[in-house]
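Let me begin by presenting the structure, written as structure tokens, before commenting on it.
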Amino acid sequence: MSSSTRLDRAYRNAITIPFNEDSKFIFFSDCHRGDNSFADDFANNRNIYFHALNHYYREGFHYIELGDGDELWENISFDAIFEAHKNVYQLLRRFHLEKRLHMLWGNHDMVYRDPDYVNKHLSHYFEPIDGSDKELFEGITYHEALILKHTKTGQELFCVHGHQADWWNYVCWRIGRFLVRILWKPLQVVGIADPTSPAKNYKELIRIEKRIKRWILKKDLLVTLAGHTHRPRFPEPGQIPFFNDGSCVHPRSITGIEIVDGKISLIKWYIDTKPDGTLQIVRVLLEGPQKLTDYQKA
1 MSSSTRLDRA
11 YRNAITIPFN
21 EDSKFIFFSD
31 CHRGDNSFAD
41 DFANNRNIYF
51 HALNHYYREG
61 FHYIELGDGD
71 ELWENISFDA
81 IFEAHKNVYQ
91 LLRRFHLEKR
101 LHMLWGNHDM
111 VYRDPDYVNK
121 HLSHYFEPID
131 GSDKELFEGI
141 TYHEALILKH
151 TKTGQELFCV
161 HGHQADWWNY
171 VCWRIGRFLV
181 RILWKPLQVV
191 GIADPTSPAK
201 NYKELIRIEK
211 RIKRWILKKD
221 LLVTLAGHTH
231 RPRFPEPGQI
241 PFFNDGSCVH
251 PRSITGIEIV
261 DGKISLIKWY
271 IDTKPDGTLQ
281 IVRVLLEGPQ
291 KLTDYQKA
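Note that the sequence shown covers residues 1 to 298 in full-length UniProt numbering.
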């Protein structure tokens with residue numbers, strides 16, 4: 001099966017979420033939340049991420065995670081990840097309870113495509129303080145893709161992880177998971193990167209992006225938002241409308257995409273130093289805001 005066929009299937013099976021000019025969305029992906037061990041890249045940015053997530057919750061945003069939220073290649077179970085980042089999941093639960101949480105699966109959390117697995121591991125958690133079983137994401141469904149469709153203009157935004165254009169990480173993800181657990185996780189200690197990861201293999205990254213852009217052209221310039229490669233992308237109007245929100249494991253920063261007032265922006269959150277030497281977490285605008293209608297084909 002070709003990458004184009006896999007993307008076609010994801011588009012065909014995607015759920016549709018209506019939106020309008022008042023809707024607010026934040027897209028993050030590739031958090032790779034781990035167990036707070038030496039191999040947990042998310043741990044370095046968890047305070048930045050939690051601060052940003054709090055901001056978006058207070059401001060009434062919908063949270064869309066474009067895959068690879070949980071690092072289930074290096075870690076065997078979700079339980080250790082949950083215990084390491086419990087405050088994050090409890091905040092995500094608040095989004096879920098207000099129907100503002102939309103989760104996609106990527107190659108590193110591809111097990112979430114199985115509803116039974118999700119129900120078993122994510123619906124509840126054990127609270128050792130009082131020895132009780134508590135609800136977490138009860139009734140949640142992970143999707144391969146979703147489509148945001150504007151209620152007035154009919155414009156569609158296709159949201160997907162992007163590993164559909166990466167044969168190895170889509171078809172052979174179980175082999176990749178095995179290699180990461182057995183081989184690359186220990187080597188990560190001494191700084192040897194996994195060569196199968198497009199985020200760490202520039203040539204493969206370019207190939208994946210080209211495949212996605214070819215598919216967008218075939219789909220009549222369908223606006224597409226993805227992750228997977230960890231490389232932020234924000235096209236100008238008139239260019240192929242392929243957006244990438246980057247990742248939450250950049251050195252000392254996280255990047256994401258916001259949609260507010262019918263406009264799209266690429267943003268970054270990072271730790272900055274005030275003149276008096278104290279630290280603060282700040283949000284900066286990298287690209288945009290640009291009207292979504294500027295990407296709509298006439």
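For glycine and all other residues, C-beta sits at the position ideal for the given N, C-alpha and C.
Query, Result
"Are three or more beta carbon pairs between the stretch 77 to 96 and the stretch 16 to 23 nearer than 8 Å?", "no"
"What three-state label does DSSP hand Met1 in the structure shown?", "coil"
"Taking the DSSP output, what are the residues bridged to Arg113?", "Beta-bridge pairing links Arg113 to no other residue."
"By alpha-carbon positions, which one of Asn87, Pro115, Lys152 and Leu104 ends up nearest to Gly139?", "Pro115"
"What do you reckon, are the CB atoms on Ile81 and Arg33 nearer than 9 Å?", "yes"
"From Glu135 to Lys210, what distance separates their C-alpha atoms?", "42 Å"
"If you draw a straight line from the C-alpha of Leu286 to the C-alpha of Ser265, how long is it?", "8 Å"
"What are the start and end residues of the alpha helix (DSSP H) that includes Ile129?", "From DSSP, Ile129 is part of no alpha helix (DSSP H); its letter is neither H nor E."
"Using 8 Å for Cβ pairs, my map puts residue 302 next to Ile212. What's the rounded Cβ distance?", "A question about residue 302 goes unanswered here, because the residues of the chain that appear run from 1 up to 298."
"Can you tell which of Asn119, Gly106 and Lys291 has its C-alpha closest to the C-alpha of Val223?", "Lys291"
"How many whole angstroms separate the CB atoms of Gly256 and Phe27, which I take to be in contact at a CB cut-off of 8 Å?", "6 Å"
"Any idea if Lys99 is buried or exposed, counting beta-carbon neighbours within 10 angstroms, 16 or more meaning buried?", "exposed"
"Can you have a look at Gln164 and say buried or exposed, based on whether 16 or more other CB atoms are within 10 angstroms of its CB?", "buried"
"At a threshold of 8 Å, does Arg283 count as lining the ligand PLP (C-beta to nearest heavy atom)?", "Although the ligand PLP was asked about, the structure shown includes no ligands whatsoever."
"If I'm right that Trp73 touches Gly176 with Cβ under 8 Å, what's the distance once you round it to whole angstroms?", "7 Å"
"State the DSSP-derived secondary structure class of Arg177, mapped to helix, strand or coil.", "helix"
"Rounded to whole angstroms, what is the Cα-Cα separation between Gly246 and Pro232?", "4 Å"
"If you draw a straight line from the alpha carbon of Arg207 to that of Asp133, how long is it in whole angstroms?", "46 Å"
"Relative to the alpha-carbon of Phe137, which residue among His124, Gly131 and Ile147 has its alpha-carbon at the smallest distance?", "His124"
"Tell me which residues share the same chain as Val284 and place their Cβ nearer than 6 Å to its Cβ, disregarding the 5 neighbours each side in the sequence.", "Lys268"
"Taking Leu104 and Cys31 to be in contact with their CB atoms under 8 Å, please state how far apart those CB atoms are, rounded to whole angstroms.", "No, Leu104 and Cys31 are not in contact; Cβ-Cβ is about 12 Å, not under 8 Å."
"Determine, using beta carbons only, whether Ile130 and Ala84 come nearer to each other than 9 Å.", "As written in the sequence, residue 130 is Asp, which differs from the Ile given in the question. It is not a contact, given that the beta carbons lie outside the stated cut-off."
"Assess contact between the stretch 37 to 53 and the stretch 1 to 15, defined as three or more Cβ pairs (one per stretch) separated by less than 8 Å. Is contact present?", "no"
"Can you tell me whether Phe42 is helix, strand or coil according to DSSP?", "helix"
"Who are Asn244's beta bridge partners in DSSP?", "Ala226 and Arg233"
"Excluding five sequence neighbours on each side, which residues of the same chain lie with their C-beta closer than 6 Å to the C-beta of Tyr117?", "Val111"
"With distances taken from CA atoms, which of Pro251, Leu101, Leu91 and His51 is nearest Gly67?", "Leu101"
"Please look up how many angstroms separate the CB atoms of Leu225 and Leu179, rounded, as I've assumed it's under 8 Å.", "Not a contact, Cβ separation roughly 29 Å."
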